[in-house]
Amino acid sequence: WYQRRVRGVVKVAELCKKYARPHVINNAYGIQIPKYMAQINSASLQGRVDMYVQSLDKNFMVPVGGSIVAGFTSDAIKGVSQVYPGRGSSTPTLDLFITLLSMGRTGLIRLLDTRTEVFSYLKEKLTDLAKERGERLLETPQNLISLGLTLTPSLYTVPASEIGSRLFLRNVTGVRVVVGDVSKTIGHVTLEAFGSHAPTCPVPYMTFAGAVGMSKGDVEVLVGKVGKLLEKCSVK
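Taking the numbering used here, the leading residue of the sequence shown gets 2, the next gets one more, and so forth.
Spelled out as structure tokens, the structure:
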């Protein structure tokens, strides 16, 4: 029920090619993960991938609001450009241009290498916090960007959603709390446990992303704030 990983993207691409169906991949954090980019490339070689979309803020530390739409044929990208001519702001492009000029190739590679180390450190600190609070770290082997920490309802005096709100008030904006008991209908499709990664979510949880630009100092501040709040909200 907690995944956020490469989920059979090659097999999906093969099915899309077989049945002539468009295939767009959500590659939100993927640029900073070589393994994910390799999977997308393999999917395009073995099946059909029309486009893959990645966030600028998640991969290049620029303000929220921009994305890169990429594909393996110029026709697909031209098609996107033609249905959205002149309506988008040029600000995200300028932000990315300035950022890349500032860090250069060497700086970008150094950040990507550091991210791998920081992700391991985040995992270590959350593992310690989980043991301390009687929770569980929801690790998935192929997930190289984010981690989940359970929020067992019986351990706290407030609901999981309230913990998420209080974290936000403490300037912890990157953590997302998934309650798992909310359903949402879009068109004719009803999505159970909306916001979770599977239709069955046995316990609420919060997610943490170890993305590019994060330092070990940031991890310590983050985990420290989360730990203090869980202590404050815990059943005595």
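Just so it is clear, CB atoms sit at the ideal spot from N, CA and C, and this is done for glycine as well.
Note that this is a predicted model, so its numbers are computed, not measured.
Between the alpha carbons of residue i and residue j, how many angstroms are there, rounded?
i, j, result
"residue 16", "residue 156", "44 angstroms"
"residue 13", "residue 82", "26 angstroms"
"residue 114", "residue 91", "30 angstroms"
"residue 47", "residue 25", "15 angstroms"
"residue 146", "residue 112", "14 angstroms"
"residue 130", "residue 231", "10 angstroms"
"residue 190", "residue 184", "10 angstroms"
"residue 61", "residue 225", "26 angstroms"
"residue 214", "residue 144", "18 angstroms"
"residue 209", "residue 220", "10 angstroms"
"residue 233", "residue 151", "17 angstroms"
"residue 178", "residue 22", "34 angstroms"
"residue 182", "residue 203", "9 angstroms"
"residue 110", "residue 75", "27 angstroms"
"residue 124", "residue 222", "14 angstroms"
"residue 84", "residue 217", "43 angstroms"
"residue 166", "residue 20", "44 angstroms"
"residue 68", "residue 126", "31 angstroms"
"residue 57", "residue 44", "23 angstroms"
"residue 51", "residue 36", "19 angstroms"
"residue 89", "residue 102", "22 angstroms"
Skipping 5 residues on each side, what residues in its chain have a beta carbon closer than 7 angstroms to that of residue i?
i, result
"residue 3", "Unreliable positioning characterises residue 3 in this predicted model, as indicated by a pLDDT of 46, which lies under 50. The coordinate reading is nonetheless provided below. 139, 141, 149, 198, 206, listed in sequence order."
"residue 18", "48, 49"
"residue 77", "51, 52"
Could you pull out every residue in the same chain whose Cβ sits closer than 6 angstroms to the Cβ of residue i, ignoring the five residues on either side in sequence?
i, result
"residue 180", "161, 162, 205"
"residue 66", "93"
"residue 53", "26, 28, 41, 71"
"residue 104", "none"
State the CB to CB distance for the pair residue i and residue j, rounded to an integer number of angstroms; the pair is presumed to be in contact (CB under 8 angstroms).
i, j, result
"residue 55", "residue 31", "6 angstroms"
"residue 264", "residue 136", "In the structure as shown, the chain begins at 2 and stops at 237. Residue 264 is therefore absent and cannot be evaluated."
"residue 41", "residue 10", "7 angstroms"
"residue 212", "residue 116", "7 angstroms"
If you drop the 5 nearest sequence neighbours on each side, which residues of the same chain put their C-beta closer than 8 angstroms to that of residue i?
i, result
"residue 128", "138"
"residue 133", "228"
"residue 235", "134, 156, 157, 158"
"residue 176", "165, 168, 207, 208, 209, 223, 227"
"residue 108", "none"
So is residue i buried or exposed if we call it buried at 16+ other beta carbons inside 10 Å?
i, result
"residue 27", "exposed"
"residue 63", "buried"
"residue 79", "exposed"
"residue 33", "buried"
"residue 39", "exposed"
"residue 237", "exposed"
"residue 200", "exposed"
"residue 187", "exposed"
"residue 59", "buried"
> Between the segment 191-200 and the segment 96-112, are three or more C-beta pairs nearer than 8 angstroms?
Replying inline: no
> Counting Cβ pairs, one atom from each stretch, are 3 or more of them under 8 angstroms apart for the segment 117-132 and the segment 168-175?
Replying inline: no
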